[in-house]
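Colleague: The opening position of the sequence shown corresponds to residue 1 in UniProt numbering, with each subsequent residue numbered one higher. Let me begin by handing over the structure; questions about it come next.
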Amino acid sequence: METDDWALLNQLVHQDHVILTPSQAHDDFYVIDYAVKYNGFIVTNDMFRDHVSNKRIFHGKRLTSNWVRSHCIDFTFVGTEFMPNPRTMERAESDDVQEDGMVVDHKGTKRSKTIDLSEVTYYKVPRELLPMLHGEGGETMGKFQEYTGTYIVLPSHAASAAPSTSNVLTLSIYGPEPSRLQAVGHLDAFLVQMQQQYAYQHQQQYMASQVHQAGMYPHQHQPSTGTQDDQMMEIDPY
């Protein structure tokens, strides 16, 4: 980055026109949170479908597709010229900006819980345990987040089956430090139980495969000239 670019960036940051986020963070959380808080616009071609489908809550309101369409400015490039959507720009430049499109989460309001997405703890888990963490339809992790007062980002189910050189996956745990420490403590204990359960399931699958192979390749008995009584196993009563 050139010196003039750094000066421009610092000026924009000082004027609150540019918000810097920590490295390796989920930038979309920060920009959505900021736009909802100040009723601003986001210049992006991302429709945030994952957050809409997962009913993410920002400042007590649930993100909806209507809000995304009215507050996100899509764009393209013609050569080196940046061209935002002119119709969306008209809405952004208008003073009559509506704040609707967000659904108030009354349940979340009653809990009075606001997750601070600026503080994060990374937690590594074995790749094969990811399905157990998700639980039935994601309910297991959802209840865990509500209990600990955290927001946890897990890799999708597909990540557990994707080819990779790493045997571990990383969870991102957001929230205040006491809540994150509580979540890590519970995860440590839960991880031991899951590893034991996974080892037991793996052992059962291995034993079942051995029985199946034994059924496919039965032992070949050599012909015998003895009588049936001779072939019976003798049991010593003493």
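Quick reminder that beta carbons are idealized off the backbone N, C-alpha and C, glycines included. A quick note: this is a predicted structure, and the numbers were derived from the prediction, not measured.
May I ask you to report which of helix, strand or coil DSSP gives P155?
Modeller: Three-state result, P155: coil.
Colleague: Could you compute how far the alpha carbon of S160 sits from the alpha carbon of R87?
Modeller: Legend: pLDDT at S160 = 48, less than 50; position of this residue unreliable, no value from coordinates given.
Colleague: Leaving aside the five residues before and after V52 along the sequence, list all residues of the same chain whose C-beta is less than 7 angstroms from its C-beta, in chain order.
Modeller: Excluding sequence neighbours, V52 sits near L63, T64, S65 and V68.
Colleague: Name the two residues that bound the continuous alpha helix (DSSP H) containing L171.
Modeller: Where L171 is concerned, there is no enclosing alpha helix (DSSP H), although the beta strand (DSSP E) it sits in stretches over V168 to Y174.
Colleague: In whole angstroms, what is the alpha-carbon distance linking I73 and V43?
Modeller: Approximately 5 angstroms between the Cα atoms of the pair.
Colleague: So, helix, strand or coil for M47, using DSSP?
Modeller: Looking at M47 - three-state DSSP - the assignment turns out to be coil, as it is neither helix nor strand.
Colleague: Taking the Cβ atom as the reference point for each residue, do I115 and T150 lie within a distance shorter than 8 angstroms?
Modeller: Closer than 8 angstroms, so yes.
Colleague: Going by DSSP, what residues sit across from Y122 in a beta bridge?
Modeller: S172.
Colleague: What's the call for L9, buried or exposed, on a 16-neighbour Cβ count within 10 Å?
Modeller: Under this definition L9 is an exposed residue.
Colleague: Taking just the CA atoms, how far does H134 sit from S70?
Modeller: S70 and H134: Cα-Cα distance of roughly 32 angstroms.
Colleague: So for T88, helix, strand or coil by DSSP?
Modeller: Here T88 sits in helix by DSSP.
Colleague: Could you compute how far the alpha carbon of M1 sits from the alpha carbon of Y123?
Modeller: Note that M1 has pLDDT 49, beneath the 50 cutoff, so the model's placement of it is unreliable and no number is given.
Colleague: Keeping to the same chain, check which residues put their C-beta closer than 6 angstroms to that of T109; ignore five residues upstream and five downstream.
Modeller: Low confidence applies to T109: its pLDDT is 40, below 50, so where it sits in the model is not reliable enough to give any reading.
Colleague: Per DSSP, E128 is paired with what?
Modeller: For E128, which the question treats as bridged, DSSP gives no partner whatsoever.
Colleague: Between the beta-carbon of D28 and the beta-carbon of F41, is there less than 8 angstroms?
Modeller: No, Cβ-Cβ distance for D28 and F41 is not below 8 angstroms.
Colleague: Quick one: Cα of Q196 to Cα of H186, how far?
Modeller: Going by the C-alpha atoms only, they are around 16 angstroms apart.
Colleague: Shortest alpha-carbon distance to M121 belongs to which of N54, F77, R180 and P84?
Modeller: Correcting the residue identity first, residue 121 is Thr in this sequence and not Met. Ranking N54, F77, R180 and P84 by Cα distance to T121 puts R180 first.
Colleague: For A35, which residues of its own chain have a beta-carbon under 8 angstroms away from its beta-carbon, when the five flanking residues on both sides are left out?
Modeller: F41, I42 and H71.
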